[in-house]
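Asker:
Residue numbers (mature numbering (1 follows the signal peptide of the UniProt record, and there is no 0)): -24 to -1, 1 to 492.
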């Protein structure tokens, strides 16, 4: 009976909010050797400040600045035990500075979720795949915002303002870009755009563009912009879900240089009971409903006009590499990593990631091309070579100077199978539909997202791959290495050693240059 009451209270409170808009208690679990220390629980005592690091090889003289990365760093809480999903770990930020010397700073984001778990040994909020503790935390969480503020996914930066983000609208914090100290929760004012938003906001000029999702009273997607100076939101367009009963998960979107937003409604839809931590879904928090079909929405930022296309087949998406217009043909293209279904969500459950018998699902680099003159004219095409990528493609990126315009190269992660995590870096030539693996001096059990740092910000054809790729790699022995790789030659230039226990598995990072 008590469980039934708790269930109903949680769901009702969650839906109402969406409609209206002691001692150290984190614990350290044994490290998972299959992935080195990537899934190990780190502690605040292990966080360092400006710790000097060893460099093997020679860092290019022009590469001066800092690489900052966000991601989960501790999944275990004293009373509640270990979380279920990779997305559920408390945010641990890292910063590697490349200057006269090379140094590391790490810090846990001081969210309400983290501090409550640290001081009380209980989860204050339900996380992505792990429910909160009980009635006490339910009531406390309601007064703290109900949805988690654990901003463990990404960073966005404009000028000197660094924001850590996750998908709940409450999970956004301004961070000091040098010390990684938590400054304050970042909550732009203005009209309601839903309880959920993507953690991959993108900039068009000085405006942050993002997409919010409202589940009730009717499922709606809101494309909006935020002025970074005034922190005011403005709605660009609102699009009803293709189903009156549920909303699709929007993890990311494409943005062209000339101001078009492209996003997908896939069959991966929110299970509200699972989202509130009171029920079960087919894929952690989502159900897969292939009968819904897959839809693409293209929004023109200046006018707010929306064009909606039915995609030729279903797919699932985490990340897109790029989106751009072909103005002479009145077409728009988006390049992204495409999965057949939502099984990759399950692959990121911690039990699966630490299971030697498990093998990650297949995915490929794909492109959809839309004709703005005809809602029936769109083309789906694969861009990569699955034999070279291990039939896996994720964390896809392009040279940021070319973001929003037609590119020739996409960088991403591939798989040397069987594996529970991406363990090779790849470069795909879209012109030749060929994929090349980066050559490193060591073998690694897991790679993090590749980040391209251009030597020049020109967009001449012969400069697109003139730069380096940065990526964190994990060894089986528990070290983490920041690799610096020649993007043109696909070869290792240098590696920076973060000694045992290394760093936890991270999600997204960015490069900030100190060069004038």
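Backbone N, C-alpha and C fix where the C-beta goes; we use that ideal spot for every residue, glycine too.
The structure displayed is predicted, hence computed values, not measured ones.
Which ranges does the beta strand (DSSP E) cover as unbroken runs of at least 3 residues, wholly within the region 322 to 384, from first to last along the chain?
Answerer: The qualifying runs are 339 to 347, 354 to 358, 370 to 373.
Asker: Residue range of the alpha helix (DSSP H) that residue 94 falls in?
Answerer: Working through the chain shown from its first residue, we reach residue 94 at position 118. Residue 94 -> alpha helix (DSSP H) spans 88 to 96.
Asker: With a threshold of 8 Å, are at least 3 pairs of Cβ atoms found where one atom belongs to the region 438 to 447 and the other to the region 458 to 466?
Answerer: Yes, the region 438 to 447 is in contact with the region 458 to 466.
Asker: Look up residue 267 in the DSSP assignment and say whether it is helix, strand or coil.
Answerer: The sequence position of residue 267 within the chain shown is 291, counting from 1. DSSP places residue 267 in helix when its eight states are reduced to three.
Asker: Please report the distance separating the alpha-carbon of residue 228 from that of residue 82.
Answerer: Here the question's residue 228 lines up with position 252 in the chain shown. Here the question's residue 82 lines up with position 106 in the chain shown. So the alpha carbons of these two residues sit roughly 27 Å apart.
Asker: Would you give the residue range spanned by the beta strand (DSSP E) that residue 502 belongs to?
Answerer: One cannot answer for residue 502 here, as it falls past the ends of the chain, which runs -24 to 492.
Asker: Along the alpha helix (DSSP H) that carries residue 251, what are the first and last residues, could you check?
Answerer: In the chain shown, the residue the question calls residue 251 occupies position 275. Residue 251 -> alpha helix (DSSP H) spans 248 to 251.
Asker: In the DSSP assignment, find the beta strand (DSSP E) that holds residue 222 and state where it starts and stops.
Answerer: Stepping through the chain shown from its first residue, residue 222 is reached at position 246. Neither: residue 222 is in no beta strand (DSSP E) and is coded neither H nor E.
Asker: In the DSSP output, what is residue 259 paired with across the bridge?
Answerer: In the chain shown, the residue the question calls residue 259 occupies position 283. Partner(s): 262.
Asker: Near residue 143, which residues of its chain fall below 6 Å by C-beta distance, leaving aside the five closest residues on each side in sequence?
Answerer: As a working note, residue 143 is residue 167 in the chain shown. Closer than 6 Å at Cβ, skipping near neighbours: 172, 175.
Asker: Provide the residue span of the beta strand (DSSP E) that contains residue 202, from first to last.
Answerer: Taking the chain shown and counting its residues from 1, one reaches residue 202 at position 226. Residue 202 -> beta strand (DSSP E) spans 196 to 203.
Asker: Using a Cβ-Cβ cut-off of 6 Å (strictly less than) and excluding sequence neighbours within five positions of residue 478, which residues of its own chain qualify?
Answerer: Along the chain shown, read from residue 1 onward, the residue named residue 478 stands at position 502. The answer, listed in chain order, is 13, 454, 455, 456.
Asker: Relative to the alpha-carbon of residue 36, which residue among 101, 430, 169 has its alpha-carbon at the smallest distance?
Answerer: Translated into the one-based positions of the chain shown, residue 36 becomes position 60. Nearest option by C-alpha distance: 430.
Asker: Quick one: is residue 152 buried, meaning 16 or more other Cβ sit within 10 Å of its Cβ, or exposed?
Answerer: Sequence index remark: in the chain shown, residue 152 carries index 176 (1-based). Exposed is the call here.
Asker: Are the CB atoms of residue 56 and residue 98 within a distance shorter than 8 Å?
Answerer: Taking the chain shown and counting its residues from 1, one reaches residue 98 at position 122. Taking the chain shown and counting its residues from 1, one reaches residue 56 at position 80. Yes, they are a contact pair.
Asker: Would you mind sorting residue 119 into buried or exposed? The rule is 16 or more other CB atoms within 10 Å of its CB.
Answerer: The sequence position of residue 119 within the chain shown is 143, counting from 1. Only weak support exists for where residue 119 lies, its pLDDT of 49 falling under 50; the value from the coordinates is given anyway. Exposed is the call here.
Asker: Alpha carbon to alpha carbon, what distance is there between residue 241 and residue 288?
Answerer: On the chain shown, residue 288 is found 312 positions in, with the first residue counted as 1. On the chain shown, residue 241 is found 265 positions in, with the first residue counted as 1. C-alpha separation (whole angstroms): 13 Å.
Asker: So residue 345 packs on residue 307, CB below 8 Å; how close in whole Å?
Answerer: Position 369 of the chain shown holds residue 345. Position 331 of the chain shown holds residue 307. Yes, they are in contact, since the Cβ atoms of residue 345 and residue 307 sit about 6 Å apart, within 8 Å.
Asker: Check the C-beta distance from residue 471 over to residue 32 and give it rounded, since I have them as a contact under 8 Å.
Answerer: On the chain shown, residue 471 is found 495 positions in, with the first residue counted as 1. On the chain shown, residue 32 is found 56 positions in, with the first residue counted as 1. So it is a contact: roughly 5 Å between Cβ atoms.
Asker: Quick one: what does DSSP say residue 141 is sitting in, helix, strand or coil?
Answerer: As a position in the chain shown, residue 141 is number 165, starting the count at 1. Here residue 141 sits in strand by DSSP.
Asker: Which same chain residues end up closer than 6 Å to residue 277 when comparing Cβ atoms and leaving out the 5 residues on each side of it in sequence?
Answerer: Working through the chain shown from its first residue, we reach residue 277 at position 301. Correct list, in chain order: 212, 235.
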